[in-house]
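Read through the structure below, which is laid out as structure tokens, and then see the notes.
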Amino acid sequence: MIWEKVKDSLRVIRSVVEQSGKTLVLFSGGKDSLAVLLLALECGVNEAVYMDSSISLPHILEWNLDLCQQLGVRLHVVHPARHYQGDFAYHVRRWGYFPTINRTWCRIKL
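Numbering (numbering that gives the first Met the number 0), first residue to last: 0 to 109.
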């Protein structure tokens, strides 16, 4: 059963790669994104993007960089706080609430 899901996932990833050319994996370092990254590697994808939210534990970025280096994956690190006038905590204070699925100041207000 699980191997059928793996095969289906590989088919989907291969299809995306064929249709869109250059493909990158959004990689947080968690188990779900690591699973996707490993599947994508099987399909020839060797680049990933890590979004530094400015609220992650300090060692997460270092761990992600090290892991990607071991896997032969080029990791692009994006720091949105540099482009949006402040980090996550700043925007929570500014807008007065945490973003939720229905109230996302990060999409609406920025």
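Glycine included, C-beta positions come from ideal geometry on N, C-alpha and C.
Give the straight-line distance between the Cα atoms of residue i and residue j, rounded to the nearest whole angstrom.
i: L109; j: L36; result: Residue placement at L109 is flagged as unreliable, the pLDDT there being 47, under the threshold of 50; the coordinate-derived value follows with that caveat. So the alpha carbons of these two residues sit roughly 30 Å apart.
i: V77; j: W2; result: 34 Å
i: L33; j: A47; result: 10 Å
i: T99; j: D86; result: 17 Å
i: W94; j: N101; result: 14 Å
i: I59; j: V72; result: 16 Å
i: D67; j: I54; result: A quick correction: the sequence has Cys, not Asp, at residue 67. One C-alpha to the other measures close to 21 Å.
i: Y89; j: D51; result: 15 Å
i: D65; j: K30; result: 16 Å
Excluding the five sequence neighbours on either side, which residues of its own chain have a C-beta within less than 8 Å of the C-beta of residue i, listed in chain order?
i: L38; result: V5, S8, L9 and I12
i: G115; result: Past the boundaries of the shown model lies residue 115; the chain is included only from 0 to 109, so the question cannot be answered.
i: H75; result: L23, E46, A47, V48 and Y49
i: S19; result: none
i: K21; result: E46
In three-state terms, what does DSSP make of residue i?
i: L38; result: helix
i: L9; result: helix
i: Y49; result: strand
i: V44; result: coil
i: H78; result: coil
i: L109; result: Residue confidence for L109 is low, a pLDDT of 47 falling below 50, so the modelled location carries little weight and cannot support an answer.
i: L33; result: helix
Less than 7 Å between C-beta atoms, sequence neighbours within five positions excluded: which residues of the same chain meet that for residue i?
i: W62; result: G28
i: E41; result: L9
i: F97; result: V91
By Cβ distance, which residues of its chain are closer than 6 Å to residue i, with the 5 residues on each side in sequence left out?
i: F26; result: S32, L36, A47 and Y49
i: P110; result: The structure shown has nothing for residue 110, since the chain only spans 0 to 109.
i: M0; result: none
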